[in-house]
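First comes the structure, then the notes that go with it.
Number of protein chains: 4
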Amino acid sequence: MEFEESGIGEECGVFGCVAAGEWPTQLEVAQVLTLGLVALQHRGQESAGIVTSNGASPPTYTSHKGMGLVSTAFPPEALLKLRYGNLGICHTRYSTTGFSELQNCQPFVVDTLHGRIAVAHNGELVNARALRKKVMRHGVGLSTSSDSELITQLLALTPPMEELDTPDWVARIKNLMTETPTSYSLLVMFKDVIYAVRDPYGNRPLSIGRLVPISRLHSPGAGEEDTEGWVVSSESCSFQSIGAKYYREVLPGEIVQISRFGVKSLSIVPRPEGDLPAFCIFEYVYFARPDSIFEGQMVYTVRQRCGRQLAIEAPTDVDLVSTVPESATPAALGYAQQSGLPYTEVLCKNRYVGRTFIQPNTRLRQLGVAKKFGVLTDNFAGKRVVLIDDSIVRGNTISPIIKLLREAGATEVHIRVASPPIRFPCYMGINIPTKEELIANKPEFKDIAGYIGADSVEYLTVEGLVSAVQEGISSFQKENVSSHKEVGHCTACLTGKYPIELEW
Amino acid sequence: MEFEESGIGEECGVFGCVAAGEWPTQLEVAQVLTLGLVALQHRGQESAGIVTSNGASPPTYTSHKGMGLVSTAFPPEALLKLRYGNLGICHTRYSTTGFSELQNCQPFVVDTLHGRIAVAHNGELVNARALRKKVMRHGVGLSTSSDSELITQLLALTPPMEELDTPDWVARIKNLMTETPTSYSLLVMFKDVIYAVRDPYGNRPLSIGRLVPISRLHSPGAGEEDTEGWVVSSESCSFQSIGAKYYREVLPGEIVQISRFGVKSLSIVPRPEGDLPAFCIFEYVYFARPDSIFEGQMVYTVRQRCGRQLAIEAPTDVDLVSTVPESATPAALGYAQQSGLPYTEVLCKNRYVGRTFIQPNTRLRQLGVAKKFGVLTDNFAGKRVVLIDDSIVRGNTISPIIKLLREAGATEVHIRVASPPIRFPCYMGINIPTKEELIANKPEFKDIAGYIGADSVEYLTVEGLVSAVQEGISSFQKENVSSHKEVGHCTACLTGKYPIELEW
Amino acid sequence: MEFEESGIGEECGVFGCVAAGEWPTQLEVAQVLTLGLVALQHRGQESAGIVTSNGASPPTYTSHKGMGLVSTAFPPEALLKLRYGNLGICHTRYSTTGFSELQNCQPFVVDTLHGRIAVAHNGELVNARALRKKVMRHGVGLSTSSDSELITQLLALTPPMEELDTPDWVARIKNLMTETPTSYSLLVMFKDVIYAVRDPYGNRPLSIGRLVPISRLHSPGAGEEDTEGWVVSSESCSFQSIGAKYYREVLPGEIVQISRFGVKSLSIVPRPEGDLPAFCIFEYVYFARPDSIFEGQMVYTVRQRCGRQLAIEAPTDVDLVSTVPESATPAALGYAQQSGLPYTEVLCKNRYVGRTFIQPNTRLRQLGVAKKFGVLTDNFAGKRVVLIDDSIVRGNTISPIIKLLREAGATEVHIRVASPPIRFPCYMGINIPTKEELIANKPEFKDIAGYIGADSVEYLTVEGLVSAVQEGISSFQKENVSSHKEVGHCTACLTGKYPIELEW
Amino acid sequence: MEFEESGIGEECGVFGCVAAGEWPTQLEVAQVLTLGLVALQHRGQESAGIVTSNGASPPTYTSHKGMGLVSTAFPPEALLKLRYGNLGICHTRYSTTGFSELQNCQPFVVDTLHGRIAVAHNGELVNARALRKKVMRHGVGLSTSSDSELITQLLALTPPMEELDTPDWVARIKNLMTETPTSYSLLVMFKDVIYAVRDPYGNRPLSIGRLVPISRLHSPGAGEEDTEGWVVSSESCSFQSIGAKYYREVLPGEIVQISRFGVKSLSIVPRPEGDLPAFCIFEYVYFARPDSIFEGQMVYTVRQRCGRQLAIEAPTDVDLVSTVPESATPAALGYAQQSGLPYTEVLCKNRYVGRTFIQPNTRLRQLGVAKKFGVLTDNFAGKRVVLIDDSIVRGNTISPIIKLLREAGATEVHIRVASPPIRFPCYMGINIPTKEELIANKPEFKDIAGYIGADSVEYLTVEGLVSAVQEGISSFQKENVSSHKEVGHCTACLTGKYPIELEW
């Protein structure tokens, strides 16, 4: 099977929901969770899992996991099975390893001395290896390679080990946070409560939304009394899909308790003195859906600003600006606005290509990416084109596109990339090719234009990217909670500066 | 299951391929057919079928059919089964009826007195009912409701009925064409030949391409001697996906023979005197992929011209132009260019929504189309928006989008539709809702703006659409074959003027 | 995949049901049809199909077909779809060709000038080739290689061709029966009636049953007024599974009409003068379920009689009689009873073996049939065994079994076969290996005992078989309808004497 | 869906294989494991799993698990994936809970401080609840309810906790065995070794076999030098399916190490002084395949002896003896031999019934078990029948069978059961209905004959069963290893005397 050879991939999305008020309510929690997952599907397409709890004492947990897209993994009978949940958490997963198993699906559910807990996790523990050794030295066998199981066992083996009716999960979560600084956005469900946790560096996103009656959805004065439930999600883009209003982000280091009584901030675990937050800048550049909101600004707007900045840093003398559809479109429109050049479409995408069974070494394989794009010849034949891309990872996708455009009559093809070259691996939840595979680390990079067949290639600078991202935050910060006032972003894959010193 | 309630649907795509030269060749005909189908997937997603022939005497035919997308219907073992084909035809189907069966899948293969033939068909015979009666009166039982079976049986029962080594299929096809004037684009495979046929009115599209070595694909001088095979397709957009060069359209009424020796025009069956061609204008407006070429012009360009014409006919005093992604984008860009207003994106589409299992009557169902779109608030809050749509069928999709935009802060929302109102049914292969369901036939249409909640609604005129379509053809015609010199388009769904008098 | 290499196979089973009284009734016709099919599953495991009719004017037909066992082919949604049927016919199929397609599934449904009919068929038309030529010469294309389509088209093209409200299907069926003498047991459904037809030679079986309330099922006095419906089936064994009482057989050449008003014999088409009936003797020997009744006698009893006769014809001096489980058990018990030798089990069957994915040429493949049987060593070690088999086709199954027994300690292994050697092909619906593959036609047959490794091998004589079969009929005949009084069986595969002269 | 409502169920089967000699060898370990599982399929049909190891340092483990029968759960690609294994263990599972998940599939694989281990387990830990509490108190979270995970975590958390190159797994297994006395037959795979363990009471079976070349399979002198590999299995019936010779049983309390160098007994953990072994007597009565060997005797022979004993204890004055096919057949033949009454079949089984989608509350549901059996009327009409069954659990299966026989003409129907009444639950791995559901605990049991509609009902006595089982062991014991010389069987479900005092 021929897979789309994408460059980089997000590893996960998490989502949770608690019905508000007296249980059971009219809210179909399982349906909300499913739609929430669908809205996060771009963060992981390999498997999906939902765990619900009825919230009783002792609680009944119900779970369903499946391989593939949410629509495949959750047939009607799965939703039927989950329908008595009053709260629940769920997870969609993208595998970093070539081989995938249902067993690695999250959420992870375990029985502990204090009852059953469920954990869903987005991120990657930077000190996972040491932590695995630690729990194994304690005598625990680990049945998967997932950080979620590791987190769960770490929560379980925190003393005290007496059987308690009201175990102090918050203390255990804090303890976990002191053992591992980053990266995780975490949902821990216990009986009738979800704890939403973001690591002290805020590396992975996590936002809270409020479900209101559809009829009140867009009425500005919808008060607390209308609340039908609370949701928590890797990205706020999911809120619209389920009829929720954006409430706020979970702050770096914050532990928020979500119950049927509402949302309560329990604690903010601090970073080491002097350390800035390190929210992944590639969420803005590439991963997040353009309608998501981070740090008070819409992702689309940031991408458009990157395009404008790119036009300032790397102008071109051409006839038109275009995009590699569709992720680079906001940047391309920004570039067009800033440069005054006309925005024109030169490629159209065939949605259905991707997974056809092509034998290796056939003539059709040679066609490569050309199969995926139709060329809108009339729009650019005889013209000079600047093509905006959001990032160049391996360089093997852009090259055939340039060839296509030239052969269809473009007289010049210039490439402008709305982010800096990727040079370093990510150890915090993003799947990036090995250092050797990254085009920016290859000898050919010296003549990247020649290598990919472009007339010129220029990248946005790191400074340009950071300023495009941070420009929109300042105004927001003024009116926001104090702990959030420090702004900082992880640019490790671009600069090699990791937010904390790594063990390897 | 909640299906996307699309307004109108194409019913089919057909595709064929013949390897050139001595058989067997290096060309993987089954792979070409599969990729060709994938490129026509937008014309039908319900089922797909491929029939190949080894071209021997007598020939061995191999077929595979399956429900769903090509990628689902054609697993690797299906391609393996088909791999000895030297030529083949295929079909992708969209069902007009609610209920679908593998049995109705095309191509249709039958044994006749003269050997086995296979037929794939795009279109709908306007006099199907009378023809069915005719063949049944002859004593033939019809096992499906499909026109393809009807066509096949009509070909089979044409005299003479002696068993012949070289049956005159062309005479039989001509006979068929005199019995039914429209609409069909037809592929008939017999042993080692494909007959590509377009009805005298040219109502459905059909184009021919030439497969060349990938290395010569874009070299202008690639001569006949390079030819690796011939392909024929409902739309030329499929040619790029398989490494073929556009060759020409099959003309209205033309019978083209495609064999390993090349392409040969056998006959052109004329229309009744005075009748113009009647190529479906909605292929330009809605169905075709934007990178397809009809009558010498790219569909994208026509759509852009429609947008420009719309800006002339129905200007607006607003701050920005936007699109309902993604089919209306060329028209929106045309509108922006003509009007000088900035083109801005206001919605982003969630690719993964569509088929989740939502219980009827839930709060989530009320969200409707909102689940599918993310709102790019920052781009238009506080502004006046003109939203370009390609067509409005029932009016139930645009209404919640307008509501979304207003609630996110648009101060005015004007709708401009890049095609005229649809008022009449199509009997020639397009699935249009019943007359009563069409918004343009409802009493509410008098105040359509009020009904859908827009500040104003205006449509492109029929004249405007026809001129936008035909404007690009003239120059092309001068250099083209004589029979093609007459230009005409079917606008029956807009005007009620059908190309021929209908039996009902 | 490793398939069980069975020797011979039945090709089909047919079943029909009509609810009695005013429609709709309480009878779940679709459920009855499904269970009836399951009871005939031994006659065909490749595919299954059901067509129901609501019986209205015009009728609505609903059909579902699927590959594999009935339990796979008919998921709950299929039964749901069929639930409004007031009558229906169904079919289970075993493919004679290596390759199978859903398209060949029966019943076959076609629209004719006189309305829609559905046909299910067990058997094989001896003059199919000539009949195919005939209908094709009439101008009909045939879309499958199945006799069912051929029968349907033959019914359709019988004159008169005027559109009639009450077409004379019976005349058409009679006409069909004069065109093809054998072999078929046929169900033709039209609107609100099923015609049950057996060819004039009665080659394939067909029986009628009467559905009564479960509570009255076994009460002898259950009168006509209790009738809930009528069923018709290839074998009466299905009646018990659905709560029906055995009513009678359809006679050779008879056309029976089954409607909600009851069962009515319409006609008996005669054989050519002097010809005897030719009911397939292998239905008794091998195919039928032992609890089915043919010609007034239970199949089990006939098999037991064959075993007794075998003991008379071919006695052995051994310590015990055993069986190749499980089809030969009645004959083995008969042999034991007649000979006075103790009946002992020597093998047990592993139900789950059959379809595991074993690579060719591995050591495990060499194990062959041994994988399927467990050896009950203690029962025969040190003893002389006579093993009864029902038939030996290729000789490749019995040979490893003999080896197994010897190696586990049997001092002698004698084989007695409860039917004569198979030497000739069947052209009437049974799948028999080619003449060359039949062990009885190979040179090795001269020393068959040596070839398969037995101490001795003896077969039942043709005369012995025929007398064992016909012995039980006489008493039955006295009290039966006159046309049935002639007794005759087809022994063509044993003797080469076909009931009619064959075209090849 | 209508499931067969079986009375009691085995919960698992385990199987392992190690290739002998230098690795890699010609032995297809994955194929051997698959066939071995198929042969144990009767012990669990819900799910299946295989884990292989290449045996290297560090080892690579590969696993595949799937729901359903082995043939479904292990498609060709699964076998491909597993093909580099030089040793492996596998498991087939029957769920005691209504709901089943892939997650509970065995073998269970975990990473420990000392490397990765895999565990497969048949049985049920009598003190599971206390042990779960213990490991959770140690801080371990348990992700499943399965004893296998519990066993694995118990093995992992045994001190010492230093990271060792050569961890003392045997010491850990011994430690486990002191913590939990019964019931388990256990396979523990670590790197290049399988430890085969049977609990001190020997409650669950476990046997060892030796793989020899197929050609040498039945040659008595096949020496050690021929050994191709070693297998270990819940039942010896699997050995024939894969071409292995029976070697010996694992003894109660024994830890056997199986490696490529051969089989080595490492230790025998003793029972508390005075306790006898407690091998589950129901393995003989019901669960095991008749061709399996336990304690030196074939299961079939024991069942036959039970039938003889039953004829002595509970004779009848009837015309014939018959069986409820097929599990009761050995006992019925034993009864016939002892009593001198003729053995006759009265029922035949429809293999295909079982899982059809029957709506509840339909007339067909009322048919119940009758759907599954055909009645061989001719064999018993007008006669008095004694029907032998192996056990009566709820009494709801035998009752309709008796009714069937009477209605088909049996003048008397007597029931003789070849085991004593089941009155108590099993806590050691067998799924028995709750005490209340057992017919022997109901008030109706006083008149069981009346309740089920029989003329008389008698059961084998506990003493009769025990003597029938133990009679065959004595001679075997004389020549066998000393520790095995004590004979004892668990009859807890019949007598309430559990081998050890239970915690609840």
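Taken in order, these protein sequences are the chains called G, F, W and S.
If you're matching positions, the first sequence starts at 1 in UniProt numbering and goes up one per residue.
If you're matching positions, the second sequence starts at 1 in UniProt numbering and goes up one per residue.
If you're matching positions, the third sequence starts at 1 in UniProt numbering and goes up one per residue.
If you're matching positions, the fourth sequence starts at 1 in UniProt numbering and goes up one per residue.
Idealized CB from N, CA, C, for every residue including glycine.
If you're wondering where the values come from, they're calculated on a predicted model, not measured in any experiment.
Using a Cβ distance threshold of 9 Å, residue 93(W) and residue 44(W) count as a contacting pair. Residue 48(W) and residue 106(S) have their alpha carbons spaced roughly 36 Å apart. Excluding the 5 residues flanking it on each side, residue 59(S) has same chain C-beta neighbours closer than 6 Å at 53 and 191, in chain order. Judged by DSSP in its simplified three-state form, residue 442(W) adopts coil rather than helix or strand. Using a CB distance cut-off of 9 Å, residue 298(W) counts as an interface residue toward chain S. Using beta-carbon distances, residue 410(G) does not count as an interface residue toward chain F, since no partner is under 9 Å. For the region 277 to 294 of chain F, the residues whose beta carbon sits under 7 Å from a beta carbon of chain G are, in order, 289, 290 and 291.
Taking the Cα positions, residue 427(S) is about 33 Å away from residue 372(W). Against chain W, the CB of residue 338(S) has no partner CB under 9 Å away; the residue lies outside that interface. A distance below 7 Å between beta-carbons, with the five flanking residues on each side excluded, links residue 460(G) to the following residues of its chain, in chain order: 306, 309, 310, 313, 417, 418, 419 and 420. Two segments are said to touch when three or more pairs of C-beta atoms, one from each, lie closer than 8 Å; by this definition the region 393 to 402 of chain G does not touch the region 262 to 280 of chain F.
At a C-beta separation below 9 Å, residue 245(S) has no neighbours in chain W, since its nearest C-beta there lies roughly 11 Å away. In terms of beta-carbon proximity, residue 387(F) stays away from the interface with chain G, with every pair separated by 9 Å or more.
In terms of beta-carbon proximity, residue 19(S) stays away from the interface with chain W, with every pair separated by 9 Å or more. Counting the other CB atoms within 10 Å of its CB gives residue 215(G) a total below 16, which places it among the exposed residues. With a 10 Å radius around the Cβ and a threshold of 16 neighbouring Cβ atoms, residue 28(F) comes out buried. Looking at the DSSP output, residue 293(S) sits in a beta bridge with 298(S).
Taking 9 Å as the cut-off, the beta carbon of residue 213(W) is found no closer than this to the beta carbon of residue 177(W). When DSSP states are grouped into helix, strand and coil, residue 116(S) belongs to the strand group. Any Cβ of chain F closer than 9 Å to the Cβ of residue 326(G) would place that residue at the interface, and such an atom is present. Excluding five sequence positions before and after residue 34(S), the CB atoms of its chain that fall closer than 6 Å to its own CB belong to 74, given in chain order. Its Cα nearest to that of residue 254(S), the residue 204(S) stands out among 204(S), 321(S), 245(S) and 239(S). For residue 242(F), the nearest CB of chain G lies under 9 Å from its own CB, placing it at the interface with that chain. Across the set 438(F), 320(F) and 430(F), the C-alpha of 320(F) shows the shortest separation from the C-alpha of residue 380(F). Straight through space, the alpha carbons of residue 39(W) and residue 196(W) are spaced by roughly 19 Å. Counting the other Cβ atoms within 10 Å of the Cβ of residue 159(S) gives fewer than 16, which makes it exposed. Out of 42(G), 70(G) and 56(G), the CA that lies nearest to the CA of residue 30(G) is found in 70(G). Identification of residues in the region 124 to 156 of chain G having a C-beta nearer than 7 Å to some C-beta of chain S yields 136, 137, 138, 139, 140, 141, 142, 143, 152, 153 and 156, given in sequence order.
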